[in-house]
Each structure stands twice: as C-alpha cells, then as structure tokens.
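Have a look at the structure below before the remarks.
Protein chains: 8
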Amino acid sequence: ETAAVDVDRLRRCGFTEVVYCEGKSVGSVVEIFKSLSGHGQHCLGTRVSTEQATALTEYFPEIIYNKTARTVRLPRTNQAGTPVERVGKVSLLTAGTSDLPVAEEARETLFWMDCEVDLIVDIGVAGPHRLQEQVHRLQDSDAVIVVAGMEGALPSVVGGYVDCPVIAVPTSVGYGTSFGGVTALLGMLNSCASNVTVVNIDAGFKGGYVAGLITHRIAKARKG
Amino acid sequence: ETAAVDVDRLRRCGFTEVVYCEGKSVGSVVEIFKSLSGHGQHCLGTRVSTEQATALTEYFPEIIYNKTARTVRLPRTNQAGTPVERVGKVSLLTAGTSDLPVAEEARETLFWMDCEVDLIVDIGVAGPHRLQEQVHRLQDSDAVIVVAGMEGALPSVVGGYVDCPVIAVPTSVGYGTSFGGVTALLGMLNSCASNVTVVNIDAGFKGGYVAGLITHRIAKARKG
Amino acid sequence: ETAAVDVDRLRRCGFTEVVYCEGKSVGSVVEIFKSLSGHGQHCLGTRVSTEQATALTEYFPEIIYNKTARTVRLPRTNQAGTPVERVGKVSLLTAGTSDLPVAEEARETLFWMDCEVDLIVDIGVAGPHRLQEQVHRLQDSDAVIVVAGMEGALPSVVGGYVDCPVIAVPTSVGYGTSFGGVTALLGMLNSCASNVTVVNIDAGFKGGYVAGLITHRIAKARKG
Amino acid sequence: ETAAVDVDRLRRCGFTEVVYCEGKSVGSVVEIFKSLSGHGQHCLGTRVSTEQATALTEYFPEIIYNKTARTVRLPRTNQAGTPVERVGKVSLLTAGTSDLPVAEEARETLFWMDCEVDLIVDIGVAGPHRLQEQVHRLQDSDAVIVVAGMEGALPSVVGGYVDCPVIAVPTSVGYGTSFGGVTALLGMLNSCASNVTVVNIDAGFKGGYVAGLITHRIAKARKG
Amino acid sequence: ETAAVDVDRLRRCGFTEVVYCEGKSVGSVVEIFKSLSGHGQHCLGTRVSTEQATALTEYFPEIIYNKTARTVRLPRTNQAGTPVERVGKVSLLTAGTSDLPVAEEARETLFWMDCEVDLIVDIGVAGPHRLQEQVHRLQDSDAVIVVAGMEGALPSVVGGYVDCPVIAVPTSVGYGTSFGGVTALLGMLNSCASNVTVVNIDAGFKGGYVAGLITHRIAKARKG
Amino acid sequence: ETAAVDVDRLRRCGFTEVVYCEGKSVGSVVEIFKSLSGHGQHCLGTRVSTEQATALTEYFPEIIYNKTARTVRLPRTNQAGTPVERVGKVSLLTAGTSDLPVAEEARETLFWMDCEVDLIVDIGVAGPHRLQEQVHRLQDSDAVIVVAGMEGALPSVVGGYVDCPVIAVPTSVGYGTSFGGVTALLGMLNSCASNVTVVNIDAGFKGGYVAGLITHRIAKARKG
Amino acid sequence: ETAAVDVDRLRRCGFTEVVYCEGKSVGSVVEIFKSLSGHGQHCLGTRVSTEQATALTEYFPEIIYNKTARTVRLPRTNQAGTPVERVGKVSLLTAGTSDLPVAEEARETLFWMDCEVDLIVDIGVAGPHRLQEQVHRLQDSDAVIVVAGMEGALPSVVGGYVDCPVIAVPTSVGYGTSFGGVTALLGMLNSCASNVTVVNIDAGFKGGYVAGLITHRIAKARKG
Amino acid sequence: ETAAVDVDRLRRCGFTEVVYCEGKSVGSVVEIFKSLSGHGQHCLGTRVSTEQATALTEYFPEIIYNKTARTVRLPRTNQAGTPVERVGKVSLLTAGTSDLPVAEEARETLFWMDCEVDLIVDIGVAGPHRLQEQVHRLQDSDAVIVVAGMEGALPSVVGGYVDCPVIAVPTSVGYGTSFGGVTALLGMLNSCASNVTVVNIDAGFKGGYVAGLITHRIAKARKG
Ligand SMILES: Nc1ncnc2c1ncn2[C@@H]1O[C@H](COP(=O)(O)O)[C@@H](O)[C@H]1O
Ligand SMILES: Nc1ncnc2c1ncn2[C@@H]1O[C@H](COP(=O)(O)O)[C@@H](O)[C@H]1O
Ligand SMILES: Nc1ncnc2c1ncn2[C@@H]1O[C@H](COP(=O)(O)O)[C@@H](O)[C@H]1O
Ligand SMILES: Nc1ncnc2c1ncn2[C@@H]1O[C@H](COP(=O)(O)O)[C@@H](O)[C@H]1O
Ligand SMILES: [Mg+2]
Ligand SMILES: [Mg+2]
Ligand SMILES: [Mg+2]
Ligand SMILES: [Mg+2]
Ligand SMILES: [Mg+2]
Ligand SMILES: [Mg+2]
Ligand SMILES: [Mg+2]
Ligand SMILES: [Mg+2]
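Protein chains in written order, with my numbering: chain A, 1 to 224; chain B, 1001 to 1224; chain C, 2001 to 2224; chain D, 3001 to 3224; chain E, 4001 to 4224; chain F, 5001 to 5224; chain G, 6001 to 6224; chain H, 7001 to 7224.
So this is what it looks like as structure tokens:
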C-alpha cells in the first residue's frame, strides 16, 4: 500500500484532499481516486499526465479532463442530478497569453469548488489602458487572482484598483534572469500594494483554492 | 517636496495609504501624516523609529505608538466620539516567543482596521499538543494568520485543521541556514496544505491587512 | 585501471565500501563488484541504471535488484547458508507517496545492514491525525528516518514525539520554489525539534546507513 | 603612489574620469582631485564620505557637496565665467520617497554633465493615477530615468507610455526578500516593456551618466 | 480569445508591440500577426519556433525569417513600394563566435527599426589587438551593443574607448560557474566603465531595441 | 503572557525543552526558567546574552554559565545531592582553534545530558598527521562530533576512520566564499563518507544533543 | 565570416589559441582549424562533439580525438618528423572514478603542451590510506592537479603533503546539494591548505594548461 | 590548550604553517607564535587585529607589522645576520586604488617567502592604455597576480599579454550586485584567457603564496 488518503479533510477543511498526481504511478492515482470517491468524496487531481488522465477516464467516464490545465475532476451534482449552482465571483487575470495554463488550473479548481470565475487575459502593464478598460469588471469581486510571469508587476497595479484580496500567482514564463518564475515571485512578495498575497510558482491550484475559500465564506455570510 | 500622498486610495481600496516610515526623514513622516489627516484620512505608520514616533506624538498627542510592533496609528472614533466597534474575527498565531514583534505589527494593523483579533503565542510544531489544545479557538475565524521563523512549519499544520484562508508570515527568527527568514518563507510557499498563502518576511502588516480585508468583506456580507 | 577500491573499509568502518554507480561505465561497475566480492566483501550498489543492473545480474545471478530504489545488493548468508537475522528496529516514514523511491533506497540499505525496518507511508502534516495514529509504532525505535519533500515539515513534528535521533532525508518532490529539494533540506536543518539531523537531498542511502549504524551499536550493547 | 588617473578619458569618452571615493583614504581622494583639476579636468566624485567632503572643501572652496547624494563636483564655468547652459531634458522619476538619495546622485551627475533634469517623486504603481497625471511631462524627454526599490515595477509602466529609452535604477529600499535591491533589479531586467535598460543597484550615477550621454548626442545632432 | 493586442503602442512608444512567441500556440501567433497587420502595424516576432515560422510564412509569404536569430518580421516599404532607407548607425560587437545568435536577434530588431548596423564578431578581451584594430569603426556610432558570455568583460573595455552609450547583452555561452549567463550579467552590471547599461541574458531584442530608439532620436534631431 | 512552555517534552522526548534565548527579553527568559524549574525540569539555555545570564544568575545562583559557549544550565544532582554520573563517550573534534565556541556549546549540551566528552582541538586536514595521532582516541566512541568551518573537509576524513555516526557541525569560521558557514555545510552534506549527518551552521547544541541521545540509548541497552 | 582567430597568441602567451567548440557550427570549427593550422599553429579543440570530431578527422586524418575528454589535437612533430619529447612532470589525481572525463581533458591538454603526466585515480578522502600510499609519487612534481566532485576535499589533504602548487578542478559529479559542482568549487576556494588555486567547474583544460605553463617555465629554467 | 600547531609543515610543504589570526584570542595568537618560533620556524600571521599586533610586538620587538595588509611576520636573516636575498620576480597588479589592502597582503606574503615583487596599481580596464604602458614590466615575471573587484575583468586582459600563470584575486570592492566580491570571483573563474587561476575573495595571502611557490621552484631549477 502506497497511500494513506486523508478522507477526514472535507470535515476539517471544507473540501476533499486534492490529489497531486506528479511523481505517482498510474496505478496509485487510480487507486487514490477510487478510495476517495468510494468515501463519497468529490475528487480533483492536479498535474495529471496524459497517461494518468486516460486511465482515470476509463474508470470514471464522466471525469472532466482539462489538458491545458493538466487537471481532472469529477462533476458534482446535487441530489436531483443537476449540476450544483456556482457561488460568488472571482476575477482571474493574466499578464500575457503564455500564462494561460496556470490560469486554467486556477479556473478548474474554482469550478470544482462551485465558484463563478471571470477570466480576463493578456493585460500586462506595458499596455496599461488594457487593464484600465477592465477595472469595472473587478469591482464586485470577492477576490482577484493575478497570474503573471517575467517581472510580475501586474498584481501591484491591480492591487491599487481594488478593495479585495489579490492573490498573486507567479509563473515560469520568461527567460534568462526570470529564473523559472523566481523573479515574478519576488516582485509579488515585495509588492507596494498592501492587499497582495502570494503562492508558489505556477501554483494555479493554490491561487484558485484560496480565492474559492474566501468566496465561499462570503457566500455563507450572505446567506446568514 | 518629497512625497505625493495617494489620498484617493481609501476610495479605491477601502483603506487609507499606509506610511512605510523606514528610510524617511522625521520631517517627511510628520509632513505625510499631516497631509493624510488633513484630508480626513485615518493614518497608520509602520517600521517607525523611536525618533519618528516622538515627533509624531508631539504633533498628534492622541497617537497610539506600539514600540514592539514599531507602529503608530491615529485612533478612530465615530461621530459620537466613541471608538468604532470591532468586526469579525482573525486568529493570530505565533510559533515561538521571538516571533512576537511581527505578530504585534499584524495586530496593530487589524486594530487600525477595526477587526477583532485572537492572539495565541508559542505553539510551535515540536510540542504539538499546544496547537491541538487551541484548535477550537480557530473554528469560527474568518482568517488565520500564522507567524513563524526557523523552518516555518506551523502554517502547514494549522492549514490541516481549518476551513478558512491561512496567511503565513515568515519571520527572520533563526540562525545559520534560516537565512534571515528565507527558509521559513520557502517552507510556507511549498506548504502541502492547500489553504496557505504567503507574504514577505517579517511582513506582519501585510498579513494583518489581507486578513482584515477578508474579515470586512465577510462582515459586510453578513450585514447584507 | 579506473578504480582503487577501499577493501579495508569494512575493518575501519564496520561495513564494506558502497558503490555509487552513477557516472560509471557498466564495465567499471562490474569490475568493482567483482573486486569487492573477490575480497569476500558484501556489496551494495546505489543509483544503479537498468543497464548496469542487467550486467551485474548476469554475473551475480543471486543479486537483489530493487528498481524503484535503484539499488543492487548481494544477499548475506551466514555460514549455515541461511539468511542472517535482522537486528534492532528503524522506523521509516514518508510524508507523501512520491517520496517512496528515496525511502526504498533507505530500506534496501538497512536490509543490506541486516536491520529491521518498519515503513509507514503518506502521513504528511496537513492530515495530522495520520501521524498521531502511528505514533505508538515509533516508541521502541532505535532511530526514525523521515523522508519528505515540499516544505519538509514532517521531521519537526515527528521529533516532538520521540526520544531517539530523527534522521531527516529531504526529497526533490515538489515544484517551483521547492528548488529540487533545497526547501525541504533548509526546513529540516532549521527544525525546532532538537533531535533532527539531516543528510543530502534524495540521500536515502545515507539516512539508512546512519540509522543502521545506530541500531547496530545498540544491538551490540544489548548483547553486552 | 596609489593611483594612475586616466586623464585621457575626456578625449576618448567625452567626460572626465569620475572618482569613486568609497574605500579610498582622504589623502588619496584629495590627491586624485588635485591631479585631475591640475590637468584642467572637471571633477565629479561619488560615494563621498563627510570626512572626504570636508577635506576637499578645504582645498576647493567652490566645490558643490550634496550630502544626500553623497557627491562632490567642481562647478563648470565657460570662459566668460558664467555657468554653462544646460542642454536637453532628462526626466527623473522615483517610485517612493526613500528612493530620493539615489535619484539625487543621478541628478548631480546630470548637472555635472550640464543637462536639464525634471524630477518627479513618489509616483509608485499602487497609486497609478499619480503617474498618469505626470505623463505629459515625459513626452519631450530625451531619456527617462526611473529609480525604484521593492518590486521595481515602475519602469515597466513608464516604458509603456514613452518612446525614448527608460534607464531603470534599482534601489536597496525594502526589506525581507527585497534582498538589498536584487528583487527590483530582477524585475527591471525582465520588464515586458521593450525600452527598459538597467544599471547596478543604487547606481544613480550610472543612470544619470547614460541619460546624459544620450541627451548630449541628441543636442549635438540638433545643432547639426 | 487568448490575446489582447496593444495596437495603440505605436502611437505611445513609437514602435508596434513585438510578439514574444515562446510559449504561444502556432494558432495564437498567427492570429496575433493577423490582428496587428490588420491594424496596419509593422510586425516583429521573437523567439519563434520553426513550426511557428512555417505557419506564418504560409500566411505572409513576404515575411523575413532569420533561423539563427529566431525572428520573423514583415518588410517595411514606403508608399512608393521601395524599402525604407536605414538611418543612423549602431555598432554591434560579439566577444566570441558562439554569441552570434543573440547578436543576430539584435540585428534583426535594428533592421525592423530601419537602422544601419555594423557587425564586428569575435573580438574578446584575451586577444586585445582585435578590438584595437576595430576601434575606429566605433567612433561615429550612435550606440554600441556588446554581446558577450563567459566573464562578460568586453563591454568594460569597449566602454573605455567610446563616448556613446554601450548596451551590454550578456549571453548564456559558457559552462560551470557561467550559470547560464548570470556571471556575464553581473560583470556587466558592475562595469567600471560609466557608459554601460545592461539588459536581460540573451536579450538581443532588447539590446537592439534600445539602441534603435537612441539612433532614431538622434536622426530626428539631425533632421531638425 | 508570551510563552507556552512544553513541560511534557521530558516525557515524550527524554529531555526537557531547551530555551533558545536569542530574541527573547530578559524578563521572558527568567520567566521561562522559573516555569520550567517550577515543574521540576532540568533547564538548559542556549545563545544566552551576558545580560540574560546575569539576570538568571541572580535568581538561580547555582546556575552554570559558559560565556564562550553562550549557555546556561542548572546542575543536576541525584536525590543524595551528589552530581549525577556521566555515561557513554562522545568524541568532540574541531578543525581549528576558531571553532571552539561552537564545540563548547556542544560540550555544555552533553554535560547537561550527563554524557562523557573527549575534546580534541585543531586537527584540520592540511596537517593530516594530527588526526592520525588521535585516531585511537575515537575507537570506542558512541558518536563523533566534528566541528569545522572553511571547506568543512574534516568530517569526511574522520568518517573514513570510525564505525560510529559522525555528526558534522559546520561553523561560520572563514571569509569570502565561506558564506558564513554555507560552504562548510554543503561540503558536509556531500561527504563521500557514508556515516556523516549534518546539523545547522554553528548548531553546537544540536550536534551535542543528537550525540547525547545516541549515547544514552547505548548506555541503556548496555544496562539491559 | 564568423571568427577572428587570434594567430598572434602563440607569440604573446607561448601557446596557440585553443578552440572552444561548444556552440559553434561544424563548419565554423573546421574553418577555424584550417585557419590556425594554415598559420602554422598547433591546434587543440575542447568540448568537441562527435559530429565536429568526424568532420575534423576527414580534413585532418592525423588528428587525435579523445572521446572521453571530448578533445581533438594535431600531433606535434619536430623538424625531423619525430614526436616532440615530453618535459617536466605533472601529477594528475582524481577523487573518484566518475571524475575521469575531466581528468582526461587535463591530460590531453598537457600532452598537447608536451608535458609528462602521472595519473592516479580514485583516491578520495574517505579511504585515506589510498592517498598515503601514493604520496611518494607526488614528491618531484612541478605541479599537482586534483580533480574532485562532491565535497571537493581532496585538494586540501593533498595540499598538506606537497611543496608545489595544487590546481584544484571541481567536477559536477554528485547529486542534490552538490549543485552541479558548486559545492566542490566552494570547498576548494576555502581550502585550509595555502597552496591550492582553483579553476572553473569541469575545467580540466584550464587545470592542465596552468600546470603545463608552470612545468614549461621550470623546464626552461633548468635548461638555463 | 587550544591549538595543535603543525610544526612539520615546513618539511612537507616548504614553508611554515601560517597563522590565520581572525577569531583567535590575543592569548592564543601569542602562544602559537611562541610555539612556532620556539621550533625555529619563520612565522607569518594574517588578518591580524591591532590588539593582536600590539601583543605580538611586545613579545617579538623585531616583528614587522603591516597595518594595511593586516599581517605580521618575523624578519628572516641568514646565519650571518644579514637579510636573506630575494629570488625570482612576481608582478602584482591592482585594478583600482581600493584593491590595495589585498595587494599588500599578497606582497607581505611574498616578502616573507623572500620573493621579488613588482607592484603596479590602478590599471583597470576602462583606461586600457594604462595596462599597455606597463606590459613590458610583466614580460620576465615568473607569475602575475591580478587583484581586482567590481567586474574583475583585468585578469582576462592581462592573461592575453603574458605566457606565465595569472593568479586572480577577487576583492570585495564594489556595491550592489558586486555581492562582496562574488561577481569578481565568477568573472575570473570564467575568464576566456586560458592561464587564469583563482583564489578566494580578498585572499591576498593565497595569491601571494602560490606565486611564491612557482617563483621558488623556477629559482631552484635555475640553480640546477
Ligand atoms: N498542484 C498542487 N500544488 C500544491 N499542493 C497540491 C497540489 N495538488 C494537491 N496538493 C496538495 O498535496 C497534498 C497531497 O500530497 P500527496 O500525499 O503527495 O498526494 C494534498 O494535501 C493537497 O492539498
Ligand atoms: N525577446 C523578447 N524579450 C523580452 N521581451 C519581449 C521579447 N519579444 C517581445 N517582448 C515584449 O513582450 C511583450 C509581449 O508579451 P505577450 O503579451 O506575452 O506577447 C511585448 O510588450 C514586447 O515588448
Ligand atoms: N541553539 C538552538 N538551536 C536550535 N534549536 C534550539 C536551540 N536552543 C533551543 N532550541 C529549540 O528551540 C525550541 C524553543 O523555541 P522557542 O519556543 O522559541 O523558545 C525548543 O524546542 C528547542 O528544542
Ligand atoms: N574548455 C575551455 N574552457 C575555457 N576556456 C576555453 C576552453 N577551450 C578554449 N577556451 C578559451 O576560449 C577562447 C576561445 O573562445 P571562442 O572565441 O569562443 O572560440 C580561447 O581564448 C581559449 O583560450
Ligand atoms: Mg500580450
Ligand atoms: Mg517556545
Ligand atoms: Mg498524501
Ligand atoms: Mg509613496
Ligand atoms: Mg574567438
Ligand atoms: Mg590550526
Ligand atoms: Mg572510489
Ligand atoms: Mg582608478
């Protein structure tokens, strides 16, 4: 036996343990998904290889595989069999086109958490009017996720326009001294905007997850 | 003239521009506080030196100076002159005793934002029963801030017990390969708990600010 | 001639020189194994490639090859031809499933040293009940090896539960700022638990070896 | 003898060798200034200590000492004894108030080169309207110097508004992972704006010098 | 839709947005080129893969693809259909033969900007007469670009011979502690020559772009 | 209240929680010592300042303060009031004279744990006969601690002579690229001797503690 | 034209310019060899690919290609057509078997320089008798080259036995925190032996070259 | 007792053990000098503090203390009581004036070794004629030492002019990304000149020592 799945996490943390598929054998991944869904848990897998996705799809034909995001998730349906309604609103921004795969991972995570997502791409700081034209779309967000590589400056600029948390996701997009995303990460950690927090490089999953938690708490508060 | 204060920030971001006092002359700091309060804004200063604090206290006798936190803030009163009521609840944890100054900076920031704070100190992972005994106090928090130096492991353990965002604040406590907080920061960025986000080393202010934003949005939603 | 095997090491250090196979030609590896076993020495090879393993198996059909661990070892039998009995007890823990190959290298090393091993997998800190349920199994260990990647927090938590040395083995499991295991290593070096020592990244062999030395000295002391 | 002054540099490079005073004895600095001015050269000294400045002022009473910039320079007069007219226009921007000493070093360098300078302070990206209000002042610049610490995002934003070279000067303003200016430097090197070049951390002198060279070449071309 | 092209950049910055093709799908790249040229803009693409180049050539048969430089550009013609005349003069130097691809990227960028380029290769500092023999060719340059790997010493030596800006482009040529160009970059940032500015590792595009801007401003001034 | 002392650690881990005094106020340190000794626990403090030591000595006149080691400890007496007998044997080696303070911290820790210590100083690898002359003294050790700065080569050489664990303690002795002990640490982590484990830079306490744990387990086994 | 070969180097530096073949096209390499040998120069090429070697062998059938060392060199004959006699003596040591390719590059360089080489392999510090048995072979050396990876401790130990320069060549042999040879390099730079100098990681060529220069100067002095 | 002086080193290595005084007590330093000179050995101490120098001067009134170099050495006289004659010739170059203290340490070491030294200061690469004017002085050197900070380019240029080993000594002169000498060190390790070897940052002693060894071997060979 090679895994000790944490089936109690849903109770403690509000959401099922998510399966980090990198470095796991195809067999292990399938076994873990069976174990989790056998406990009635709603599964999400990240960093899924094509091979793992194929094996999972065989066993769970309804599974939703996003090749760009490298995620799989089981659709959630309520007891009537209809899909669960989405709550709240998370804005998801990218600085460039190449940041899309990381943004997709965040989006899939938010869909798995039943959150509404508004994706706005390619509004990096060197063409500042592009963000300004979209600022109105950020106004009613519960949280904003900003995905950026290279110098990672976008979260600071976005942070200056909104009154909600900005979750900055550095990406490994760039070359030379971008150092695989370290430069973007450092820029974000040193943001002069007060509302910026940061997750690991290329960690779209984490960015989405924390935004989703915030949205759910607000939604719950709204319901009273 | 050496400053261009952003008096519009309250409108855009919900809170006044906070004054980072390090590297500013005493004169500049006083001038900026005058300018902000002259625009009817509620001031917070961080990384304040004793000298700066003394000068500010002369001009604003009511100012609240926290020497450990190295912060100053003007008390907020509502129109009736009574202090504003605190909203929500943020749990503020430290791994050790030496992390206190950073936690104090977070606490002052939250007080300035009119948030309720529950401080729990010295519950590092090598004595795990200490956290377990306090877990119940975390249950109804809007956000948990975890302040830790050395290996920075506490946020991961806390993350496994709660269903709200965990904002990890690495501190420069430690020696040798703690590298002035870099080790704690890296540990937090790589947390195996999904709900952990991170801010800069010793950035109690940022940890407090983001937790405060979350709390306010939830409080607002609760009010409907 | 490309090697100067240290056949005296058994006498000085208690165990035969172990062959680090990476970067050696298939021919060199076979030659070294022949030379060592010709001197009546009990061989262990680490970081063995499939090709090297095949060549060794041809020459030593009884050799034990563990593909996951990337190790080969010659079985040790006592004069009666039966396998040597195992001594002591080492607990071997992993934080996740992906840390298994490194744990396997430690386990093979301990088998080669004729030590008893108790393997417990996937008990990372974000699901803390998993470790708590296993703590009793650690109580009578001579040493505990903890294999972990990402933030490497598990050794600190384990260290708080046991009264024997904890040998922490950081792994290269993770992405972004895990920096190929550097983050886990740094976390372990800065552990707030006093009983944690550290070996190189992915150095299952070293972790196993030192644990084995401790176990043997205790076993010898027990015999009087 | 401890120096071999390059009195030919004016001929080759257009400007006299500038004296880097850090780590030189007071005696050496005075000797070098005498030697240069003895060859009829127009001296600039950077990173001057108070002690060095005092000694130089004794010998050269007309010397201009800027304590914030830590520079000294001899005033240049034309044959009629009136100060030389300033040419061109360099815009000099800072992200924050604490970046001023570095900006002052750039400004003194430009004055020494007889260039016109337009200084605009404290227009960091978290309050983006502050830059937008000043953009018109940048329109006719020969070059823009942007001095910024922390995440160093301002040059990218400025770069998107102008059609001249942007010379980015990272400063050591910040804490924690600002790493004494390394984060700002890396951000600037990875700018998504095409017109940004970079100099060493806190190198106000270099930023000013290169901007001055550009301005002079344009001025010369204008004259035809 | 995966891109928000900045068609206004020509107006603000003097040149069209350049397409960074790395990490973009073939489809995206073609779409972006169509969109830009549809707005009457003159396109340059950098870091182009063979596959992307092939697709672009199908759609734009007149496109100029430089395989060594990994660039594509549309030829610019004036209204009479003849190619636009080149302005100014940029000297482009390399320390070694292996630095050529980066120099080619700079050259293509300068051609796209309609600038005159004088390329001088393989004049590294260990054979110093090679540079000395070419110094006369640098005398009337508007800017000098120096492309160098390994220790990156050439810009300092060149800087001592000219009175114009030297734009240093570090390359990833080297091994061991050249750290993929970091050593060359650091050497250039710490140049003892005052006129050296620096761009990212292997950033031939940026080096060329800034040199081109300088040349154009001088040319414009010359025209009066 | 600023501390939550772990009075249960003695039961779980065999020894009382050790007080890391750096960054704690004099008041906090005294309070923690009172609390621990009030629970009948045997106290050790590390990284003690002169001021803290003075305050502790006032309250606990019998306390043993080692100024070089920067430690304080309460003497342990058995019920008859005589000092407890020392067990086992740990060899404690230093490469140079400047490594002594770190060795002293290890020695004090071992005294606090009631272990026998054999200290051998200044036997660095460039004068190899010095170690060879002492090798016989290492033969019957339970563990060997090697304290070394600069290139940290001594543990590898010692490792080749003994059959017990070698606990390597890197020190910050050195200059330039010794990087405050990082070079020694890296050397030790990459030791070609199989029996070397490593602790943090200057962590004499940790080296001593783990050696003490090993010695005690062997002593206990000996007793049966 | 892509190269400016330094045919004057033989006169200035005593030996022909050596061709660094990495990153050069097959065509360029052949062209450079033709140009050099056309000027009557004795060629050495390093970091040669199989493809480059094949092309060179076609043109220069007498060329000596060492596949392990990745070098090519033209044999040197004196006017009588017999090979030139070897001078002096360089000892060439490796710590392990995997360091051989780097040692081979040094050996080929020394052969090209007509120096006598004594190669001793696999005498790393964990089996210290191996070096002791060979110390007599080092006594009459002009210089000793020590090639080592991992912790790079061998040069320090060798340095303590000899009275000639020790040229340490760090190799990229190792894993985890060996960081591709950086750890070995740092260890060598911080050697406590006074006679150790260092070259770049895997720079067998440079180690050999400097040892060869020393040997030649001594040989020349011997001749008077 | 805190030291185990290596009095046999003179026999093995040709020169007495040199005393690294940093981090040693005044008492230890005096004791070590007494012990060495008591064994008839010729002492050199490096990194000596003023306090240590004063104590040593009291005991050894003839000692030669160089405050800039931070060295002490006992004068060597031959049996007739006259100073020993100097042998060979080492050229000692500095790039700037601030590199002098490191050069002085090298010079003192060479004097202690009875070597002739030719010091040439302040000939950095940005004023290249300064080196060219002195090249003739390097022609008959046994070895050249080049001391340089900032970008450390001088050794590469010098290397291209001479046919003897160039020993490069990086200094901590510089600011920002000079990183206390790391940039100069890296530049020197990656020198495109084949004859450059490197020692630790600010290691004037090591540079001098190795140059002295080379000079002595050549002198000995000359004598036959
Ligand atoms: N993409 C991801 N990045 C970071 N953590 C993740 C990711 N996907 C899953 N996880 C976390 O990794 C843990 C599982 O690790 P493991 O036991 O190795 O499968 C879970 O606690 C998840 O919260
Ligand atoms: N080779 C290059 N290096 C750095 N920046 C570039 C390069 N090529 C294009 N760019 C810039 O990258 C930006 C486009 O990024 P993206 O939106 O991801 O296409 C533009 O603003 C260009 O100025
Ligand atoms: N010198 C030291 N180095 C590392 N850890 C220490 C040291 N001294 C005490 N500790 C550990 O630090 C922890 C106490 O941290 P704190 O709560 O901040 O006092 C205890 O668990 C000790 O095991
Ligand atoms: N393996 C090597 N390592 C370092 N430098 C080398 C090597 N081989 C040749 N060189 C040097 O590299 C320079 C040639 O660079 P290039 O002009 O790119 O061929 C020559 O000056 C040689 O001294
Ligand atoms: Mg874009
Ligand atoms: Mg504590
Ligand atoms: Mg798991
Ligand atoms: Mg401001
Ligand atoms: Mg060349
Ligand atoms: Mg010593
Ligand atoms: Mg070997
Ligand atoms: Mg100078």
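Quick reminder that beta carbons are idealized off the backbone N, C-alpha and C, glycines included.
Proximity test, residue i beta-carbon vs ligand 6 heavy atom, cut-off 8 Å
i, result
"A/Val210", "no"
Cβ-heavy atom distance, residue i to ligand 7, below 8 Å
i, result
"A/Ala4", "yes"
Residue i CB to nearest heavy atom of ligand 8 below 8 Å
i, result
"D/Asp3122", "yes"
"E/Glu4031", "no"
Residue i: CB within 8 Å of a non-hydrogen atom of ligand 10
i, result
"F/Thr5097", "yes"
Cβ-based neighbour list, residue i, same chain, cut-off 7 Å, excluding 5 preceding and 5 following
i, result
"C/Val2157", "Val2125 and Leu2131"
"F/Glu5108", "Asn5066, Ala5069, Thr5071 and Arg5073"
"A/Asp163", "none"
Residue i, DSSP secondary structure in three states
i, result
"H/Glu7108", "helix"
"G/Glu6227", "Residue 6227 of chain G is absent from the model: chain G starts at 6001 and stops at 6224."
"G/Gly6045", "strand"
Heavy atom of ligand 5 within 8 Å of residue i beta-carbon
i, result
"E/Glu4133", "no"
"E/Glu4022", "no"
Any non-hydrogen atom of ligand 9 closer than 8 Å to residue i Cβ
i, result
"A/Glu151", "no"
Proximity test, residue i beta-carbon vs ligand 12 heavy atom, cut-off 8 Å
i, result
"D/Lys3017", "Before going on, a small fix: residue 3017 of chain D reads as Glu here, not Lys. Yes, Cβ of D/Glu3017 sits closer than 8 Å to a heavy atom of ligand 12."
Same chain, Cβ closer than 8 Å to residue i, five either side skipped, listed in chain order
i, result
"G/Leu6056", "Val6029, Val6030, Phe6033, Gly6045, Val6048, Ile6063, Tyr6065 and Val6072"
Cβ neighbours of residue i in the same chain (closer than 6 Å, five flanking residues each side left out)
i, result
"B/Met1007", "What sits at residue 1007 of chain B in the sequence shown is Val, not Met. Correct list, in chain order: His1039."
Closer than 8 Å is the cut-off here; do at least three beta carbon pairs connect the stretch 3132 to 3142 of chain D with the stretch 3103 to 3112 of chain D? Remark: fewer than three beta-carbon pairs, one from each stretch, lie closer than 8 Å, so the stretch 3132 to 3142 of chain D and the stretch 3103 to 3112 of chain D are not flagged as touching.
Return the residues of the stretch 6012 to 6024 of chain G that lie within a Cβ-Cβ distance of less than 8 Å from chain E, sorted by chain order. Within the stretch 6012 to 6024 of chain G, the qualifying residues are Glu6017, Tyr6020, Glu6022, Gly6023 and Lys6024.
Tell me which residues of the stretch 7171 to 7196 of chain H have at least one Cβ-Cβ distance to chain F shorter than 9 Å, keeping chain order. Within the stretch 7171 to 7196 of chain H, contact with chain F at the beta-carbon level (separation under 9 Å) is assigned to Ser7172, Gly7180, Gly7181, Val7182 and Leu7185.
The stretch 1138 to 1150 of chain B: which residues have C-beta closer than 7 Å to a C-beta of chain C, in chain order? Residues are counted here when their Cβ sits less than 7 Å from a Cβ of chain C; for the stretch 1138 to 1150 of chain B these are Met1150, given in chain order.
Spell out a yes or no on whether the stretch 205 to 218 of chain A and the stretch 3196 to 3211 of chain D are touching, meaning 3 or more CB-CB pairs, one atom from each, closer than 8 Å. By the Cβ criterion, the stretch 205 to 218 of chain A is not in contact with the stretch 3196 to 3211 of chain D, since fewer than three pairs of Cβ atoms, one from each stretch, lie closer than 8 Å.
Should the stretch 111 to 118 of chain A be regarded as contacting the stretch 164 to 184 of chain A, the criterion being three or more beta carbon pairs within less than 8 Å? Judged by Cβ distances under 8 Å, the stretch 111 to 118 of chain A makes no contact with the stretch 164 to 184 of chain A, as fewer than three pairs qualify.
Closer than 8 Å is the cut-off here; do at least three beta carbon pairs connect the stretch 4005 to 4015 of chain E with the stretch 5007 to 5026 of chain F? In short, these stretches do not touch, since the Cβ pair count stays below three.
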